[in-house]
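Novice:
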Amino acid sequence: MLALSGVNTHINLYHILQGVDLVVPRGELTMLLGRNGAGKTTTLRTIMGLWRASAGRIDLGGADIAGMATPSVAQLGVAYVPENMSIFAGLTVRENLLLAARERSFDESRLARIFKLFPAMQKFWNSLAGNLSGGQKQMLAISRAIVEPRRLLLIDEPTKGLAPAIIANMIEAFRELKLETTILLVEQNFNVARELGDSVAVMDSGRVVHSGRMADLARDEALQTRLLGLSLDSHQ
Amino acid sequence: MLGTVLSGDYPRSRLLTAILIAILAGLALAPFVFPGTRSLNVAAKILIFIVLVASYDLLLGYTGIVSFAHTMFFGIGGYGIGIAAAKLGPTWGSLALGGGIALVLAVALAFCIGLLSLRVKTIFFAMITLAVASFFLILASQLSWLTGGEDGLNYKLPGLLLPGTRLVEAPVLGVEITGRLVSYYIVFLAALALFLLLLRVVNSPFGKVLLSIRENEFRAEALGYRTVVYRTIANCLAAATAAAAGILYALWLRYTGPDTTLSFNIMIDILLMVVIGGMGTMYGAVLGATIFVLAQNYLQDLMKLASGAAQGIPLLPNLLHPDRWLLWLGVLFIVCVYYFPLGIVGRLRQKTSRPN
């Protein structure tokens, strides 16, 4: 579905992504793990065209999308849920979702599914998104990404700062979502990653340093320590 | 029915609804309730500035674009009518031609300025609009053979719109039905239609995209919206509406000059009216324009009365002297901005909104 090869990204004077090679298999939920500053968010933003890749190829279903403008990438069916509950606070829940529906109308069956996954969306349908709680804002951000069928979902730290009960709700939602679409999910919470991931890529210093099956990484504590623990130690 | 007319955007506050109804009734019945040349001039100016300020709110309040070229579009509308009427004669055909050319020119210029936002944003875009507006002001002053220079243009209008034209012999409700009354109701109906059109625009899906761009341009792009296209369309719409307001002002005044249309003082007035009324609310334009124009015209009279009443009290008569009206106008604005940071409409809506 998505393959990055030798992707480099510069942000001003900083060389953030230094040759990222990453494969996101179709129909799977791929976890992108790594310490803070490893380049996970920059990878998502580069795929989305929000940062321009200075070198490398980003292949989406056979087409090179590196260098494409963000709206063009979105129109190819890629939805991006940035971290920090990226909703439009001045619009209602309904208007937030309508913005993401390109036909300017809702598919009732998808809407029913969103309400089943996140009942709060129905309850606060005509409320201003800015008045929702943190968890509800995150639910809205994810609902906006799935209000239409998408080829690929890029989701950045969806459980950050959320209460455990809401995290459990999110995990259930992602379990359902991965049945219908391909997902690349950045996550700091290893327990969430273990619960959800089919495949995994671990980043460090702007490169992917490990990729494989999530189940293998979850079983291998030594590998976890080496990839996630060692990397932390090396930067202390 | 009302929901359709207001595009589903109700005032959402009882007090605000009452104020808006009072303003609408006052403006609709102004020739009968407030007879006299001065009060009719004030009412017409309020109507025209409601449209002008609402069109600026589409840019600033709904799209987050800071432009200083709005009076330029207002002036293009005014000069379109002025030049056509002065050079081609006071016929309906010349007014239609002048108004049409002005609208096309305003949209074309706004399109070019809007495309500049591809490369420059926020303050740099504002600076470019300031430069273009300054250039236009100088152009209007220098091309005196066409624009009348600093003196502006005086012109006649078709007979139906002239104050001397009496349409009905006997007065109706004590008011003579003249061309002036016809002009007023043309301004009233056109202003009402333009305001409702803008209300429709901001409540359409297009308007919601503009709001999303104002909140976060990157997020809007990530949803697949080409923000430059939307910003350019908003710029063109606002320019066309401002030019239409300029056309109405020129029809009302039968005069077009740099001071009445292109001046930067008017730009500052528009900014103040938007801020006082409440950005991104549309109804804020109604309140802002009404309060501001009334204060501009009647604050001095009010102070004269207050100064007379305060005779004998030390210092107060001097402070309230009519010559100090600008000082009190300034105080009024500071108080408004301090106590109503969301504007009057924002504040009134905030008071009535309930937590979920």
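Which chain is which? The protein sequence lines are A and B, in order. Sequential numbering of the first sequence, starting at 48, is according to our numbering. Sequential numbering of the second sequence, starting at 1384, is according to our numbering. The C-beta atom is built at its ideal place from N, Cα and C for all residues, glycine as well.
1) Please state if the CB of B:G1497 and the CB of B:V1658 are separated by a distance shorter than 9 angstroms.
2) Would you verify that the beta carbon of A:Q122 is, or is not, closer than 9 angstroms to some beta carbon of chain B?
3) Using a Cβ-Cβ distance under 9 angstroms, would B:T1615 count as near chain A?
4) Taking the alpha carbon of A:N143 as the point to measure from, which residue in A:G109, A:L187 and A:Q169 has its own alpha carbon closest?
5) Looking at the secondary structure, which residues open and close the beta strand (DSSP E) in which A:G81 lies?
6) Taking Cβ-Cβ distances shorter than 8 angstroms, what residues in chain A pair up with B:K1591?
7) Express the C-alpha separation of A:R241 and A:T229 in angstroms, rounding to a whole number.
8) Mind pulling the chain B residues with CB within less than 7 angstroms of A:M95?
9) Within 10 angstroms of its Cβ, does B:M1656 collect 16 or more other Cβ (buried), or is it exposed?
10) When the Cα of B:T1512 is compared with those of B:L1529, B:L1522, B:L1492 and B:R1563, which residue comes out closest?
11) By DSSP's criteria, B:N1701 is part of a beta bridge. Which residues make up the other side?
12) Of all the CB atoms in chain B, is at least one closer than 9 angstroms to the CB of A:D129?
13) How is A:S258 classed by DSSP in three states: helix, strand or coil?
14) Let me know the secondary structure DSSP gives B:N1618 once reduced to three states.
15) Just to confirm, are B:A1668 and B:Y1439 a CB contact at a threshold of 9 angstroms?
16) Return the CA-CA distance between A:E75 and A:M261, expressed in angstroms with no decimal places.
17) Can you look up B:V1676 in the DSSP assignment and give me helix, strand or coil?
18) Between the stretch 1662-1678 of chain B and the stretch 1443-1450 of chain B, are three or more C-beta pairs nearer than 8 angstroms?
19) If A:L232 sits next to A:L123, beta carbons under 8 angstroms apart, how far is it from one beta carbon to the other, in whole angstroms?
20) Three-state secondary structure (DSSP) at B:G1531?
21) Can B:M1455 and B:L1529 be called in contact, C-beta distance under 9 angstroms?
22) Classify A:M95 as helix, strand or coil using the three-state DSSP reduction.
23) Counting pairs of beta carbons, one from the stretch 250-270 of chain A and one from the stretch 64-75 of chain A, are three or more of them closer than 8 angstroms?
24) Got a sec: is the Cβ-Cβ distance from B:L1594 to anything in chain A below 9 angstroms?
25) Using a Cβ cut-off of 7 angstroms, pull out every chain A residue sitting near B:E1598, in sequence order please.
26) Sort A:E227, A:N83 and A:D267 by Cα distance to A:R73 and report the nearest one.
27) Determine which residues of the stretch 190-220 of chain A have a Cβ less than 7 angstroms from any Cβ of chain B, and write them out in chain order.
28) Is the Cβ of A:A113 closer than 9 angstroms to any Cβ of chain B?
29) With burial defined as no fewer than 16 other Cβ atoms inside 10 Å of the residue's Cβ, what is the status of B:G1391: buried or exposed?
30) Counting C-beta neighbours from all protein chains within 10 Å, is the total for B:H1453 16 or more, i.e. buried, or is it exposed?
Specialist: In this structure, then:
1) Start at 1 with the first residue of the second sequence, and residue 1658 of chain B comes out as number 275. Start at 1 with the first residue of the second sequence, and residue 1497 of chain B comes out as number 114. Taking 9 angstroms as the Cβ cut-off, B:V1658 and B:G1497 do not qualify as a contacting pair.
2) Sequence index remark: in the first sequence, residue 122 of chain A carries index 75 (1-based). It does: the Cβ of A:Q122 has a partner Cβ on chain B nearer than 9 angstroms.
3) Working through the second sequence from its first residue, we reach residue 1615 of chain B at position 232. No - not a single Cβ of chain A is within 9 angstroms of the one on B:T1615.
4) The residue you call residue 143 of chain A lines up with position 96 of the first sequence. Ranking A:G109, A:L187 and A:Q169 by Cα distance to A:N143 puts A:L187 first.
5) Start at 1 with the first residue of the first sequence, and residue 81 of chain A comes out as number 34. Taken as a continuous stretch (DSSP letters only), the beta strand (DSSP E) holding A:G81 covers L76 to G81.
6) Position 208 of the second sequence, counted from the start, is the residue given in the question as residue 1591 of chain B. Result: L138, E142, L145 and L146.
7) Position 182 of the first sequence, counted from the start, is the residue given in the question as residue 229 of chain A. Position 194 of the first sequence, counted from the start, is the residue given in the question as residue 241 of chain A. When rounded, the distance between both Cα atoms is 17 angstroms.
8) Counted from its first residue, the first sequence places residue 95 of chain A at position 48. A1605, listed in chain order.
9) Stepping through the second sequence from its first residue, residue 1656 of chain B is reached at position 273. So B:M1656 counts as buried.
10) Along the second sequence, read from residue 1 onward, the residue named residue 1512 of chain B stands at position 129. Answer by Cα proximity: B:L1492.
11) The residue given as residue 1701 of chain B occupies position 318 in the second sequence. Answer by DSSP bridge pairing: none, since B:N1701 is not bridged.
12) Position 82 of the first sequence, counted from the start, is the residue given in the question as residue 129 of chain A. Residue 129 of chain A is actually Pro in this sequence, not Asp. So yes, A:P129 belongs to the interface.
13) Translated into positions along the first sequence, residue 258 of chain A becomes position 211. Correct three-state label for A:S258: strand.
14) Sequence index remark: in the second sequence, residue 1618 of chain B carries index 235 (1-based). The answer is helix: DSSP assigns B:N1618 an H, G or I state.
15) As a first step, residue 1668 of chain B must be located in the second sequence, where it is residue number 285. As a first step, residue 1439 of chain B must be located in the second sequence, where it is residue number 56. Yes; because the gap between Cβ atoms is below 9 angstroms, this pair is in contact.
16) Taking the first residue of the first sequence as 1, we reach residue 75 of chain A at position 28. Taking the first residue of the first sequence as 1, we reach residue 261 of chain A at position 214. For A:E75 and A:M261, the distance between alpha carbons rounds to 11 angstroms.
17) In the second sequence, residue 1676 of chain B corresponds to position 293, counting from 1. Helix, per DSSP.
18) Taking 8 angstroms as the limit for Cβ pairs, the verdict is that the stretch 1443-1450 of chain B does touch the stretch 1662-1678 of chain B.
19) Looking up residue 232 of chain A in the first sequence gives position 185. Looking up residue 123 of chain A in the first sequence gives position 76. In fact, because the Cβ distance is near 19 angstroms, the residues do not count as touching under 8 angstroms.
20) Taking the first residue of the second sequence as 1, we reach residue 1531 of chain B at position 148. If DSSP states are grouped into helix, strand and coil, B:G1531 belongs with coil.
21) Your numbering for residue 1455 of chain B matches position 72 in the second sequence. Your numbering for residue 1529 of chain B matches position 146 in the second sequence. For B:M1455 and B:L1529, no; Cβs fall outside 9 angstroms.
22) Walking along the first sequence from the start, residue 95 of chain A turns up at place 48. A:M95: helix per DSSP, three-state reduction.
23) yes
24) Locating residue 1594 of chain B in the second sequence gives position 211, counting from the first residue. Answer yes: the Cβ-Cβ gap between B:L1594 and chain A drops below 9 angstroms somewhere.
25) Your numbering for residue 1598 of chain B matches position 215 in the second sequence. Those are F135, A136 and G137, listed as they occur along chain A.
26) Indexing the first sequence from 1 puts residue 73 of chain A at position 26. With distances taken between Cα atoms, A:R73 lies closest to A:E227.
27) none
28) Position 66 of the first sequence, counted from the start, is the residue given in the question as residue 113 of chain A. Answer no: the Cβ-Cβ gap between A:A113 and chain B never drops below 9 angstroms.
29) As a working mapping, residue 1391 of chain B is identified with position 8 in the second sequence. So B:G1391 ends up on the exposed side.
30) Looking up residue 1453 of chain B in the second sequence gives position 70. Buried, by the Cβ-count rule.
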